[in-house]
Ligand code: DNO
Ligand code: MN
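Structure (structure tokens):
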């Protein structure tokens, strides 16, 4: 188990590598070339530079989150093969840089979605939250302004201004894409990148949809146990794996997270482990990682990962904003460092009692 922290790269992240290096047990980061557009090629020299910055700080790169998949690939437009070709070359460059895990998602238009980025909890911390009634009132084609207002001046992954500028066009492009077509395009993509993944031993981990149900009339295909099984069967190769994000799968209160872990049958190259507090079937907020602060039993999650032989990369996921930190919502230092330490503690206890 490789405990990591997500780091957005020079110029984008308020958290420094020096700070990350001081979290007990964290030797590696998960990072990305944050300025890259989906579909764009990553050059070997850009990857080498990123790697150098991380290594100079005494850390390593455990994987990339994300190499984003373009909407052209998801929709299957005429540009798809050109973008897939760039993706393959990017994977090749990552493999040659000795990077062997890549996280991506296959959500149309929007990545993760929340209705609030700073809901105040009882203890005065603020968290990301989701309320379905609020989301039902949003006009998705005009979200740019509110996103900018809510995000503390940070660009957030999945909510880049370039993407927000194209919302109307993107919605039109998806008008004839249903869940079936989206799934077939995912399989097409995975089959195309198979040879390069196998050559360089790269494990791909698809991130679940967040929230794990269709929103704004757009299809979602990675929502629970059945979709995990369907995808692992469709491309039944070790390189095709799942990013086990408890907060995303857990957004659907009917999902049994331990059953999902078992359904992954060992193909979890990457785990995002975080807690949620359910307030009603239509409302949840993110919580501290500690089980008793939310609705998810974190011990059971870690124990099931352990019992199913999990040996991948793991990270705490979104943290609360605490101790007056100013950072990208969900991605401050303090609460994620607490999360990493707590998860490491659970793992140590589980491991020692198993032995
Ligand atoms: C949000 C993240 C997602 C995730 C992507 C993976 O904070 O969990 O943006 O990184 O969906 O491609
Ligand atoms: Mn996640």
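In our numbering, the protein residues as written are 20 to 374.
Virtual Cβ for every residue (Gly too), placed ideally from N, Cα, C.
If I'm right that residue i touches residue j with Cβ under 8 angstroms, what's the distance once you round it to whole angstroms?
i           : j           : result
residue 384 : residue 356 : Residue 384 is absent from the structure shown; the chain starts at 20 and stops at 374.
residue 277 : residue 323 : 4 angstroms
residue 305 : residue 72  : The Cβ separation is near 29 angstroms, so there is no contact.
residue 292 : residue 230 : With 8 angstroms as the limit, residue 292 and residue 230 do not qualify as a contact, their Cβ atoms being about 18 angstroms apart.
residue 288 : residue 222 : 4 angstroms
residue 151 : residue 286 : No, residue 151 and residue 286 are not in contact; Cβ-Cβ is about 31 angstroms, not under 8 angstroms.
residue 137 : residue 303 : That pair is no contact at about 15 angstroms.
Closest by CA to residue i, which one among the options?
i           : options               : result
residue 200 : 334, 220 and 96       : 96
residue 207 : 30, 327, 333 and 92   : 92
residue 319 : 245, 159, 369 and 173 : 369
residue 184 : 165, 330 and 364      : 165
residue 80  : 103, 22, 134 and 104  : 22
residue 205 : 224, 27, 116 and 267  : 224
residue 157 : 132, 57, 232 and 100  : 132
residue 268 : 256, 196 and 283      : 283
residue 198 : 94, 52 and 32         : 94
residue 144 : 209, 341 and 279      : 341
residue 39  : 235, 65 and 78        : 78
residue 130 : 344, 226, 246 and 26  : 226
residue 33  : 149, 173 and 48       : 173
Helix, strand or coil for residue i, going by three-state DSSP, please let me know.
i           : result
residue 73  : helix
residue 29  : coil
residue 202 : helix
residue 350 : coil
residue 138 : strand
residue 290 : strand
residue 180 : helix
residue 215 : helix
residue 252 : helix
residue 309 : coil
residue 84  : strand
residue 105 : helix
residue 161 : helix
residue 325 : helix
residue 374 : coil
residue 124 : strand
residue 194 : coil
residue 257 : coil
residue 79  : strand
Exposed or buried, what is residue i when buried is set at 16 or more other beta-carbons lying within 10 Å of its beta-carbon?
i           : result
residue 161 : exposed
residue 112 : buried
residue 67  : exposed
residue 35  : exposed
residue 142 : exposed
residue 74  : exposed
residue 354 : buried
residue 87  : buried
residue 134 : buried
residue 84  : buried
residue 299 : exposed
residue 309 : exposed
Are at least three pairs of beta-carbons, each pair with one atom in the region 240-258 and one in the region 310-325, less than 8 angstroms apart? Contact between the region 240-258 and the region 310-325 is absent, because fewer than three Cβ pairs lie under 8 angstroms.
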